[in-house]
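Visitor: Below you'll find the structure I mean.
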Amino acid sequence: MGETKWTKEQERAITKRGSNLLVAAAAGSGKTAVLVERIIRMITDKENPVDIDKLLVVTFTNAAASEMRERIGEAISKKLDKEPDLKILQRQLTLLNRANITTMHSFCLDIIKNNFHYIDLDPNFRIADVTEAILLKQEVMEDLFEDKYEKEDEDFTILMECYTTGKDDVYLKSIIDDLYDFSMSGPWPHTWLREKAEDFNIDESFDIGTSPWGKVIINNINLELKGLKEKLIDALNICETSIGLDPYKETILEDLDIIETLIIASKEGFEEIYKEILNLKFKTIKRCSKEADKESQKVVKDLRDEVKKRTKKITEDYFIDSPEDIKGSLKEMYVVMKSLVEVTIDFDNRYKEKKRERGLLDFNDLEHFSLEILTAVDEEGNVEPSSVAKELKVKFSEVLVDEYQDSNSVQETIINMVSRKHDDNPNVFMVGDVKQSIYRFRQAKPELFMDKYRSYSIEEDKGDDNKKILLYKNFRSRLEVINAVNYIFKKIMSKEVGELDYDSKEALNLGATFEDIKEPYVMVGGDVELNIIDRGGKELTESDEDEESYNTNDDSLDEEELDKIQLEARLVSKKIKALINPGDGEVFKVYDKNIKGYRPIMCKDIVILMRSTANFAPTFVEELGLESIPVYADSAAGYFQTVEVRTIMSLLQVIDNPLQDIPMISVLRSPIFSFTPEELIDLRIYNREKYFYESLKEIANSEEEILKEDNQYKYEENLKSKCKYVIESIEKWRERSIHDSIDEFIWYLYSDTSYYGFVRAMPNGAQRQANLKILFQRARQYEKTSYKGLFNFINFINKLRKTSGDMGSAKILSENEDVVRIMSIHKSKGLEFPVVILAGCGKNFNMMDLNKPILFHEELGFGPDYIDVIKRISYSTMAKQSIRRKIKLETLSEEMRILYVAFTRAKEKLIITGSVPNIEKSAQKWCHSAMNSVEKIAPFETIKAKTYLDWIGMAMVKHPSGNVLREIADIDMEDIDFKDESMWNIQLWNKDIILGDIEEIKVEEDIEDIDLKENENIYKEEIERRLGYIYPYAYSSSMPANISVSDLKKQYYDEEINNNVSSIYKTETLKKPKFLQEDKGLSASEKGTAMHSVMQHIDLDKTLNIQDIKTQLNYLAIKEFLTKEEIESVKPHKILKFFESDLGKRLLKVYNDSGNVKREMDFYMDIPSTIINKDLPKLYENEKIRLQGIIDCYFEEEDGLVLIDYKTDYVGEDGVEPIKDRYKIQLKYYEDALVKITGKKVKEKYLYLFYNEEVVKLD
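Next up, the structure:
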């Protein structure tokens, strides 16, 4: 592979020194490669080398930091291969392990650890778990409110009256908690809080128009009025080019004068526009003659009606109250806001004290304690770098910040303190793309990037310490994708919505090269697809058309919403199936850089991106499954809803308090106790007034005859014994829970109930066991907190569920699994995929936060409702109107950037899907929004969008391919120049087309025609005969459907297992893991599982040395494939030894030559039941049992397959022979399975023993 050829701009970004440098790097522009190369050049500079530990490299995530360190290590190693005697490289490789390549939180943690004495902090502090911090905050809040109630504080009483319902104080607590969290995103929280409260302490000199709130409102009114002016100009143009509309023209000209007067007044101040609004009156439109063009007449009238409607809305939003009333309402809220601030500060102080008592820090403390260490205040009260900060300024030759667009105010202040950004010899390198700033919900401030982007000069200009370089060449995507991205965002992204004017300067430029393909019946790339589903001609309601109306409940799903999702999922599944299995159609191929050529598309080449996977992903998984498409949803939901986790959590709730009927029923019905529905009914009928637990106890302790006499109800014979078993088990577990730690107790339950083994036999068993393992790990995590006991653990999990959201199921897939992936757009950031399907584009933006009674904004402060507790009325203050508008614009801008991120993930093909309630009405709305002939759609229009489809639709009606939308809208747009080089395929769908011919209706009609009474006697005898039937295969009902290879192996070779069928079917009692012993380590079984997981997921390209393997182990921990404890149990040198063996070298050679290496392959194979029990009656000789197993690894050489099974067993004095005997049957079944599955012979079988690092060949 040759040297990388850098573009002119990339080379400048790599080599420019001696200034603050902002690199604006668009999607796919190679920014990470540039950043790594810049570091490599600095540390290997022959004239002025910089040691790598003298650089501070700040990344956004731990995974990014790990990848950066790995890439730098690889680059140094490659240079060492060429110049092995170069000491400077050897030194840098040594220093790499202590290099400051880190996240901001990790950097702050290092500062605190090294300087804890400056802030009087116990050096034995630990970082609180997120949920532990939430529980602690809850305690502090309860104590705070109790104290406030006792003191009967007058200001607090006013606050209570404003923000409590009368039933409880939960809502006020949530406001304080929200305000606390929000204030912590700034560098000086208490100062900010008090300053923003004082904004309400207004006097006679207060001018609305020049206040921050007034400026936002006036800017918004200006934007609205300019949009209305454009509407009237459109109407005027129609009047001038149409027959008989002169009377309308006169009225429109008068309307234009009105709007122009308002625009002028808005520039003069708030009170001036208020006066003009009071006098505003639109005249009645004049009549036209009968000869007038009726169609044009209607369009003009509709445009004018919209102008009048929106002008009225401006009046209602901002000018119902006089300026004096506005000031009065703000002034009256001063006491409330001041009280809210003081309570929040009191809460913060108490929370800090509580954390100090327990030796805890939370994530906010990391940044704020660092600031406390790094800053000092001079005599005039100005903040300056402390002595610690000055030392770091000297230490760091350069500070490099990756993903700078996602920085917040605190992080910016920290960077300023430790760098020379504002000193002589500036040294800050910032790289990012503001168009990909999508973390405002974490208080990221893209404005920090934009301020520098607008003020820094182009690099060639001289005499300036602040420079910028633009990297807008995209090396990821095909031209079809790039053209589509540029077309859409040139149309919709503006300074007002998107916070950046997307023009030719911001546009992506093609940098990738894709070879031409000349094979017949093969397709590559192709047009971008836009698939719009019409949900059945539903009329748009007034709320659909109102720009302020949003579906704010993001988590609720009614039947119509589910139907909408299912339709789209069905369409997507058909699209994927057509790509993967084209039948007689063209084969779709993608470029594979590993083989340096094209190959047919695979499932793993496809990703389905969604704004949020919470409600969409389960339906998509189900629909793709119906088409037999393997799929994996990387969802932030579903974990706590899985049956296995719900069962164990219900069991824990019952053990904590048995008098809870709902969890008790869940546990009784589960395989742990296996109560039938009839038995549960018996329990309920026994005593309807008592808890189930009480009924269980009474039945367990009563004589069966008494039960029958007292209740006159025939109970099943085994009910009493089952009740007794339940009571004994619960009592035993309650006693055990007192003495065990929670993690020990949960694993004991898994073993004692056999539930952990049971779920492995269920469908998707490996996933279910992984989910239970995650719960066990959460218990371990809980044990490290300051909380103890089962009740607190249940509360801990409930808080985790409510605050962090449903976590999503455990990850068991490697990155190379051949499945379609479903993920959120946020999780896709930084990734790329050959085919991207962007789904759910018809889903409403989530504007739920805009409806809160009080809003917060870093610049504008607090936005409360005015509340009169005596009159019991409330309405929005001007402060709230201002902040609401600002947050809405910022949210829309964020949504537009999220859409940009989604588009730019695609390498070769982009498919967009979404649904609308009525395609005709939606198309008309889009056409009206895009009616003007200006290239960019007016911000006035893009602000009205409620879905991604609204933005895409507005743009597409102005595209040559948008003819289908213009036709269905029946709107003439002939004056617009439809020219663009992007290629689109717009397809419209409805329910019938997607679902195909539906025959269910006919079936239902047939059922309705059946006369049950007429047939009752005919079938009576047949029913009695069938009910009396004795099943001849009754014995097989006790036989398992599935059996594992391990169970078969035990039948042959475990002397403690009797040679009968029941011994195989019973669930094995799990061995006592080491964490139940004194050292709390992993059990041998868990260590073996960890080693197998590593061998499954390890990247075979990176197994050359110990450092590579250690880096990968760290990566697997970051990606949550393994826990920290599991990683520590794996010995890197053992793995390296395998790959250095002859067998390992053969495996790597096959992988590099052909890629024909398979790892962790599940298989199922039917075997005769007589294999497991030769004494079964002849009746069963044709009965089959499904054998299941997992093959660790096999690879294919020219003359056959080579099978490998990894073992971590202890090798004793007898050597390997007992191990060979123990596993030869197991590998024989693996061989049989491979032959059946692949149709190829297995030429060799091996065990690899990690204990003594030995390859053992089996005959």
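Under full-length UniProt numbering, the first residue of the sequence shown is numbered 1, with each subsequent residue one higher.
Think of the CB as a built atom: it goes at the ideal place given N, C-alpha and C, for glycine as much as any other residue.
So what does DSSP say about E276, is it helix, strand or coil?
Guide: Correct three-state label for E276: helix.
Visitor: State the beta-bridge partners of residue 1303 as determined by DSSP.
Guide: Not covered by the structure: residue 1303. The range shown for the chain is 1 to 1259.
Visitor: Distance, Cα to Cα, E1244 vs K596?
Guide: If you take the alpha carbons of E1244 and K596, they lie about 31 Å apart.
Visitor: Apart from the five residues on each side of it in sequence, which residues of its chain come closer than 7 Å, Cβ to Cβ, to G1215?
Guide: Hits under 7 Å: none found.
Visitor: Per DSSP, what kind of secondary structure is G186 in: helix, strand or coil?
Guide: Three-state DSSP puts G186 in coil, outside helix and strand.
Visitor: Please list, in chain order, all residues of the same chain as K231 whose beta carbon is under 7 Å from its beta carbon, the five residues on each side excluded.
Guide: Here the set comprises L303, E306 and V307.
Visitor: To the nearest angstrom, how far is it from the Cα of I119 to the Cα of R126?
Guide: So the two alpha carbons sit approximately 15 Å from each other.
Visitor: Where V1242 and K16 are concerned, what is the direct C-alpha to C-alpha distance, given to the nearest angstrom?
Guide: When rounded, the distance between both Cα atoms is 58 Å.
Visitor: So what does DSSP say about E1056, is it helix, strand or coil?
Guide: Note that E1056 scores a pLDDT of 35, beneath 50, so its modelled location is shaky; the value from the coordinates is reported in the next line. E1056: coil per DSSP, three-state reduction.
Visitor: In its own chain, which residues sit with a C-beta less than 7 Å from the C-beta of W192, not counting the 5 before and 5 after it?
Guide: Only S183 and G186 meet the Cβ criterion.
Visitor: Please classify I629: does DSSP put it in a helix, a strand, or coil?
Guide: I629: coil per DSSP, three-state reduction.
Visitor: Mark K267 as exposed unless 16 or more other C-beta atoms lie within 10 angstroms of its C-beta, in which case mark it buried.
Guide: That one is exposed.
Visitor: Quick check on the burial criterion: 16 or more other C-beta atoms within 10 angstroms. Buried or exposed for V934?
Guide: When all chains shown are included, V934 counts as exposed.
Visitor: Tell me which residues share the same chain as T1115 and place their Cβ nearer than 8 Å to its Cβ, disregarding the 5 neighbours each side in the sequence.
Guide: At residue 1115 the sequence reads Tyr, which differs from the Thr that was named. Cβ within range, chain order: A63, S66, E67 and E70.
Visitor: Name, in chain order, the residues that DSSP records as bridge partners for I873.
Guide: In the DSSP output, where bridge partners are listed per residue, I873 has D868.
Visitor: Give me the Cβ distance between S386 and K445, rounded to the nearest whole Å; I'm assuming they're in contact under 8 Å.
Guide: S386 to K445, Cβ: 24 Å. No contact.
Visitor: So what's Y1206 in DSSP terms, helix, strand or just coil?
Guide: Y1206: strand per DSSP, three-state reduction.
Visitor: Could you give the distance in angstroms between the alpha-carbon of Q712 and the alpha-carbon of K720?
Guide: Residue placement at Q712 is flagged as unreliable, the pLDDT there being 43, under the threshold of 50; the coordinate-derived value follows with that caveat. So the alpha carbons of these two residues sit roughly 16 Å apart.
Visitor: State buried or exposed for H1133, treating a residue as buried only when at least 16 other CB atoms are found within 10 Å of its CB.
Guide: H1133 is exposed by the Cβ-count criterion.
Visitor: Are the CB atoms of F449 and S457 within a distance shorter than 8 Å?
Guide: No, these two residues do not count as a Cβ contact at 8 Å.
Visitor: What is the rounded straight-line gap between the Cα of E271 and the Cα of D234?
Guide: Their backbone Cα atoms lie some 30 Å apart in a straight line.
Visitor: Start and end of the alpha helix (DSSP H) containing P212?
Guide: Per DSSP, P212 belongs to the alpha helix (DSSP H) from P212 to T241.
Visitor: Could you give the C-beta distance for residue 1339 and E291, rounded to a whole number, given that I count them as a contact under 8 Å?
Guide: Outside the modelled stretch of the chain, which goes from 1 to 1259, sits residue 1339, for which no answer is possible.
Visitor: Between which two residues does the beta strand (DSSP E) harbouring V1242 extend?
Guide: That run of the beta strand (DSSP E) goes V1242 to L1249.
Visitor: Please name the residue, chosen from E895, I822, N771 and T877, that lies closest to N846 on a Cα-to-Cα basis.
Guide: Of the candidates E895, I822, N771 and T877, the one whose C-alpha sits nearest the C-alpha of N846 is E895.
Visitor: Relative to the alpha-carbon of L245, which residue among I273, K298 and R194 has its alpha-carbon at the smallest distance?
Guide: With distances taken between Cα atoms, L245 lies closest to K298.
Visitor: Which residues in the same chain have their Cβ closer than 6 Å to the Cβ of I565, if we skip the five residues on either side of it in sequence?
Guide: Around I565: F616 and T619.
Visitor: With distance defined between alpha-carbon atoms, name the residue in T210, F475, P123 and L262 nearest to L360.
Guide: Taking only the C-alpha atoms, the option nearest L360 is P123.
Visitor: Excluding the five sequence neighbours on either side, which residues of its own chain have a C-beta within less than 6 Å of the C-beta of I285, listed in chain order?
Guide: Closer than 6 Å at Cβ, skipping near neighbours: T251.
Visitor: Give the single residue among V434, R478, S77 and I825 whose Cα lies nearest to the Cα of D501.
Guide: The candidate whose alpha carbon is nearest that of D501 is V434.
Visitor: Can you tell me which of the three DSSP states H1092 falls into?
Guide: H1092 falls in the helix class under three-state DSSP.
Visitor: Can you give, in chain order, each stretch of the beta strand (DSSP E) that sits fully within the segment 814-850 and has at least 3 residues?
Guide: For the segment 814-850, whole beta strand (DSSP E) runs of length 3 or above, ordered along the chain, are 820-824 and 833-838.
Visitor: Tell me the residue span of the beta strand (DSSP E) that contains S915.
Guide: It spans A906 to V916 - the beta strand (DSSP E) in which S915 sits, taken as one unbroken run.
Visitor: Taking C-alpha atoms, which residue in M1165, G1200, I1118 and L1187 lies nearest to N1156?
Guide: Ranking M1165, G1200, I1118 and L1187 by Cα distance to N1156 puts G1200 first.
Visitor: Verify the contact flag: S494, CB atom, against every heavy atom of the ligand ZN, threshold strictly below 7 Å.
Guide: With respect to small molecules bound, the structure shown includes none, and the ligand ZN cannot be examined in it.
Visitor: According to DSSP, is G789 part of a helix, a strand, or is it coil?
Guide: Coil, per DSSP.
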